Amino acid sequence: MSDLLEGFLGTSVEGKKSRVPAKLDYFQSATGLFLGLFMWGHMFFVSTILISKDFMYTITKMFEGSFLFKEPQSWIVSAMVFFVFVIFIVHAMLGMRKLPINFRQYQAYKTHAGMMKHDDTTMWLTQAFTGFAMFFLGSAHLLMMMVQADTIGPYGSSMRMYGDVMWPFYLLLLLAVEFHGGIGLYRLCVKWGWFEGPDAKVSRKKLKQVKWLITGFFLALGLLTLAAYVKIGYEYSNGLVDKYKPTAQIEVTYDVKVRA
Amino acid sequence: MSRTITIRAMKYNPQSKLSKAHFAEYKLEETDGMTLFIALTKIRETMDADLSFDFVCRAGICGSCGMMVNGKPALACRTLTKNFPDGVLQLMPMPAFKLIKDLSVDTGNWMNGMSKRVESWIHTNHKPDISKLEAPMEPKLADETFELDRCIECGICVAACGTKLMRPNFIGAVGLNRVARFAMDPHDERTDEDFYELVGDDDGIFGCMSLVACEDNCPKHLPLQSKIAYMRRKLVALR
Ligand code: HEM
Ligand code: SF4
Ligand code: FES
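Going down the list, the sequences are from chains L and Z.
If you're matching positions, the first sequence starts at 0 in numbering that gives the first Met the number 0 and goes up one per residue.
If you're matching positions, the second sequence starts at 0 in numbering that gives the first Met the number 0 and goes up one per residue.
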């Protein structure tokens, strides 16, 4: 009953404002923070391929529970992807509220940003565009990883990039994530007054410098990593190297032969 | 060594069916220490008596003369023409406010509405005795509170705000700053719950997208970014 009246009035029957907008604002930031920090960790794991195929393989198997189980359990990875997917969907749902929803809003903002030439105003447009792109890019990637978690590895991931020609897709996703996440984390600090110090103007300038450094770093790391997977995928596809076998596994085979 | 500067001003009268928005261009000799106020007055006196713009104090106090100067909102009386190396100043009225004519917009009625909306006055249950001294306040807190009172209601933070342009009901930095001012003042007995009722929604504090153009353009350099964050933290923490 009170839901009906509250929904109709827009306030509680006592005339009080709903606390929901506060919660939505909070969760927008909380999910953004989780995703932003997750992407940092994620990039470090993915880029292990730059060190060696074995290292990337070991990390992959670690996520598949190698420290607990004898056989790789790729469902663990699927479950983790599912969890991230849920956070991602919640974040997208909340982020959607901020996007321009009709031509006039878009036109007004675009004109304004063009006139003002104000960094933070323009960066929001980047955030809106990249956020929108990730509705599709992010969903596709997460779904793929969730249902094919077992294919992640030096061979499978490289073949996905080169053999399945997914690298243009991942290039776009990389750009979208790094710009969106970098700007998002910076904005979080501004929004809640984190690292504000005694002079918000000075600290914001520093925050923005740090933001660009971090974005530059992860973009560089991401591009190198992507190139590495494409190169390896190319080598596999053209029979330049044998299909990946973890070094440790080869040694075991060798041992068996000796005993026989 | 004076130079000729070019002022390109938007002209439009929304009241007239015949008026069509356009830019009028004026060329004039720059004088020493020339402000936009001086330049515009000269234009009105010698070139175009029909050009509308607002001024009162000419000293950055009354907040009447905000306009978009080369795309950015600024007080015209505090804008020196010599700061524009190419000598071209394109003037437009501030967006977000009702356009009266040319460069003149109605900030007054908007500010009045904002003040009422955030109940911009001390709320207290006891009747103040004006024959006695006001209850003393921590000097530091007093400084911080009165710092926020330096707002001249020029509307520049509103015109600078992309959120406000997309969502006309957004209260803007000036309103959120006002709420922070009373939230800090111990003379005001309102609780955070009371302030939530004023700005606890997507037209208020939760609508702010932290674009901070308000902070970067406020001619009084008010700490808008940090006061908005302060109100946001306070109001999001309510049960
Ligand atoms: C479909 C996907 C996504 C959409 C539609 C989306 C949309 C948005 C939008 C519109 C904002 C701005 C909110 C505001 O202005 O108040 C935002 C903020 C943010 N986003 Fe996303 N986003 C998506 C995915 C991601 C991902 C994958 C990350 C991680 C890298 C991320 C990290 C952030 C962060 C840290 C913020 C700042 C949070 C805040 O302002 O409270 N987002 N997102
Ligand atoms: S907060 Fe600053 S920009 Fe906004 S109305 Fe007051 S003085 Fe003007
Ligand atoms: S005329 Fe008063 S602030 Fe410019």
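Every residue, glycine too, gets a C-beta built ideally from N, C-alpha and C.
No experiment lies behind these values; they were computed from the predicted model shown.
**Prompt:** Where C76 of chain Z and L102 of chain Z are concerned, what is the direct C-alpha to C-alpha distance, given to the nearest angstrom?
**Reply:** Residue mapping note: residue 76 of chain Z aligns to position 77 of the second sequence, counting from 1. Residue mapping note: residue 102 of chain Z aligns to position 103 of the second sequence, counting from 1. Using only the alpha carbons, I get a separation of about 13 Å.
**Residue range of the unbroken beta strand (DSSP E) whose run includes P20 of chain L** = Within the first sequence, the letter at position 21 stands for residue 20 of chain L. First-last for P20 of chain L: V19 to V45, but that is the alpha helix (DSSP H), not the beta strand (DSSP E).
**Request:** Just the C-alpha distance for L223 of chain L and M110 of chain Z, rounded to the nearest angstrom, thanks.
**Result:** Along the first sequence, one-based indexing puts residue 223 of chain L at 224. Along the second sequence, one-based indexing puts residue 110 of chain Z at 111. Roughly 53 Å between the two C-alpha positions.
**Pair within 7 Å by beta-carbon distance, V229 of chain L and Y169 of chain L** = Here the question's residue 229 of chain L lines up with position 230 in the first sequence. Here the question's residue 169 of chain L lines up with position 170 in the first sequence. Taking 7 Å as the Cβ cut-off, V229 of chain L and Y169 of chain L do not qualify as a contacting pair.
**Message:** Quick check on V12 of chain L: does DSSP put it in helix, strand or coil?
**Reply:** Your numbering for residue 12 of chain L matches position 13 in the first sequence. The answer is coil: DSSP assigns V12 of chain L none of H, G, I, E or B.
**Asked** Secondary structure at A219 of chain L, three-state DSSP: helix, strand or coil?
**Response** Position 220 of the first sequence, counting from 1, holds the residue named residue 219 of chain L. Of the three classes helix, strand and coil, the one that applies to A219 of chain L here is helix, per DSSP.
**Asked** From S15 of chain Z to C61 of chain Z, what does the alpha carbon distance come to, in whole angstroms?
**Response** Counted from its first residue, the second sequence places residue 15 of chain Z at position 16. Counted from its first residue, the second sequence places residue 61 of chain Z at position 62. Straight-line Cα distance between these residues: approximately 29 Å.
**Asked** To which residues of the same chain is K226 of chain Z closer than 6 Å at the C-beta, ignoring the five residues directly before and after it?
**Response** The count along the second sequence starts at 1 and reaches residue 226 of chain Z at position 227. The residues are N176 and A179.
**Item:** Neighbour flag for W211 of chain L against chain Z, beta carbons, 7 Å
**Value:** Translated into positions along the first sequence, residue 211 of chain L becomes position 212. Cβ-Cβ to chain Z under 7 Å: no for W211 of chain L.
**Prompt:** Using the C-alpha atoms, what's the distance from D49 of chain Z back to K10 of chain Z?
**Reply:** For the purposes of this step, residue 10 of chain Z is identified with residue 11 of the second sequence, where counting begins at 1. For the purposes of this step, residue 49 of chain Z is identified with residue 50 of the second sequence, where counting begins at 1. One C-alpha to the other measures close to 9 Å.
**Message:** Using only CA atoms, which one of L:D119, L:M158, L:Q126 and L:S11 lies nearest to Q208 of chain L?
**Reply:** In the first sequence, residue 208 of chain L corresponds to position 209, counting from 1. Of L:D119, L:M158, L:Q126 and L:S11, the residue nearest in Cα terms is L:D119.
**Prompt:** To which residues of the same chain is M33 of chain Z closer than 6 Å at the C-beta, ignoring the five residues directly before and after it?
**Reply:** Along the second sequence, read from residue 1 onward, the residue named residue 33 of chain Z stands at position 34. So the list reads T80, once near-sequence residues are dropped.
**Prompt:** Less than 7 Å separating the beta-carbons of M42 of chain L and L220 of chain L?
**Reply:** The count along the first sequence starts at 1 and reaches residue 42 of chain L at position 43. The count along the first sequence starts at 1 and reaches residue 220 of chain L at position 221. Cβ atoms of M42 of chain L and L220 of chain L: closer than 7 Å.
**Prompt:** Any idea if G6 of chain L is buried or exposed, counting beta-carbon neighbours within 10 angstroms, 16 or more meaning buried?
**Reply:** As a position in the first sequence, residue 6 of chain L is number 7, starting the count at 1. Answer is exposed; the Cβ neighbour count stays below 16.
**Asked** Anyone know if the C-beta pair for P94 of chain Z and A158 of chain Z falls short of 7 Å?
**Response** Indexing the second sequence from 1 puts residue 94 of chain Z at position 95. Indexing the second sequence from 1 puts residue 158 of chain Z at position 159. Closer than 7 Å, so yes.
**Asked** So what's A259 of chain L in DSSP terms, helix, strand or just coil?
**Response** Within the first sequence, the letter at position 260 stands for residue 259 of chain L. Note that A259 of chain L scores 47 on pLDDT, short of 50, meaning its location in the model is unreliable and no value can be drawn from it.
**Request:** Can you list the residues near ligand 3, meaning Cβ strictly closer than 7 Å to any non-hydrogen atom, in the order they appear in the chain?
**Result:** Z:F36, Z:F54, Z:V55, Z:C56, Z:R57, Z:A58, Z:G59, Z:I60, Z:C61, Z:G62, Z:S63, Z:C64, Z:L74, Z:A75, Z:C76, Z:R77, Z:I151 and Z:C153
**Message:** Between the alpha carbons of A134 of chain Z and F194 of chain Z, how many angstroms are there, rounded?
**Reply:** Taking the first residue of the second sequence as position 1, residue 134 of chain Z is located at position 135. Taking the first residue of the second sequence as position 1, residue 194 of chain Z is located at position 195. Cα-Cα distance, rounded: 23 Å.
**Message:** I need the DSSP call for H21 of chain Z, collapsed to helix, strand or coil.
**Reply:** Within the second sequence, numbered from 1, the residue matching residue 21 of chain Z stands at position 22. Three-state DSSP puts H21 of chain Z in a strand.
**Request:** Report yes or no: is there a C-beta of chain L within less than 7 Å of the C-beta of V157 of chain Z?
**Result:** In the second sequence, the residue the question calls residue 157 of chain Z occupies position 158. So, not an interface residue.
**Message:** Here's the rule I'm using: 16 or more other beta-carbon atoms within 10 Å means buried, otherwise exposed. How should G238 of chain L be labelled?
**Reply:** In the first sequence, counting from the first residue as 1, residue 238 of chain L sits at position 239. By the 10 Å Cβ count, G238 of chain L comes out exposed.
**Asked** According to DSSP, is Q147 of chain L helix, strand or coil?
**Response** On the first sequence, position 148 is the one that residue 147 of chain L refers to. Coil.
**Prompt:** First and last residue of the beta strand (DSSP E) that includes D85 of chain Z?
**Reply:** Against the second sequence, residue 85 of chain Z aligns to sequence position 86. Element bounds for D85 of chain Z: n/a, residue is neither H nor E.
**Request:** With DSSP collapsed to three states, give me the class of K97 of chain Z.
**Result:** In the second sequence, counting from the first residue as 1, residue 97 of chain Z sits at position 98. K97 of chain Z: strand per DSSP, three-state reduction.
**Prompt:** Does S225 of chain Z get closer than 7 Å to chain L when you measure Cβ to Cβ?
**Reply:** For the purposes of this step, residue 225 of chain Z is taken as residue 226 along the second sequence, with counting starting at 1. Yes, S225 of chain Z counts as interfacial toward chain L.
**Request:** State whether the segment 195-204 of chain Z contacts the segment 162-177 of chain Z, with contact taken as three or more CB pairs (one from each stretch) at a distance under 8 Å.
**Result:** yes
**Message:** Under 8 Å, with one C-beta from each stretch per pair, do the segment 109-116 of chain L and the segment 54-73 of chain Z reach the 3-pair mark?
**Reply:** yes
**Prompt:** What do you reckon, is the C-beta of I155 of chain Z under 6 Å from a heavy atom of ligand 2?
**Reply:** Residue numbering aside, residue 155 of chain Z sits at position 156 when the second sequence is read from its first letter. I155 of chain Z Cβ: within cutoff of ligand 2.
**Asked** DSSP three-state call for C177 of chain Z: helix, strand or coil?
**Response** Here residue 177 of chain Z is taken as the residue at index 178 of the second sequence, counted from 1. The amino acid at residue 177 of chain Z is misidentified as Cys; the sequence shows Arg. R177 of chain Z: helix per DSSP, three-state reduction.
**Message:** For I4 of chain Z, list the residues DSSP reports as bridge partners.
**Reply:** The count along the second sequence starts at 1 and reaches residue 4 of chain Z at position 5. DSSP, once it has assigned bridges, lists Z:L27 as partnering I4 of chain Z.
**Asked** Which term fits Y243 of chain L, buried or exposed, when burial requires 16 or more other beta carbons within 10 angstroms of its beta carbon?
**Response** Position 244 of the first sequence, counted from the first residue, corresponds to residue 243 of chain L. Buried, by the Cβ-count rule.
**chain Z contact for K205 of chain L (CB, 7 Å cutoff)** = In the first sequence, counting from the first residue as 1, residue 205 of chain L sits at position 206. False, the Cβ-Cβ gap to chain Z never drops below 7 Å.
**Prompt:** Are the C-beta atoms of M133 of chain L and some chain Z residue less than 7 Å apart?
**Reply:** In the first sequence, counting from the first residue as 1, residue 133 of chain L sits at position 134. With 7 Å as the cut-off, M133 of chain L does not count as an interface residue toward chain Z.
**Request:** Please work out which residues of its chain come closer than 7 Å, Cβ to Cβ, to R202 of chain L, disregarding the five sequence neighbours upstream and downstream, and give them in chain order.
**Result:** Within the first sequence, residue 202 of chain L is the residue found at index 203, counting from 1. According to the sequence as given, residue 202 of chain L is Ser; it is not Arg. Taken in chain order, the residues that qualify are F194, E195 and G196.
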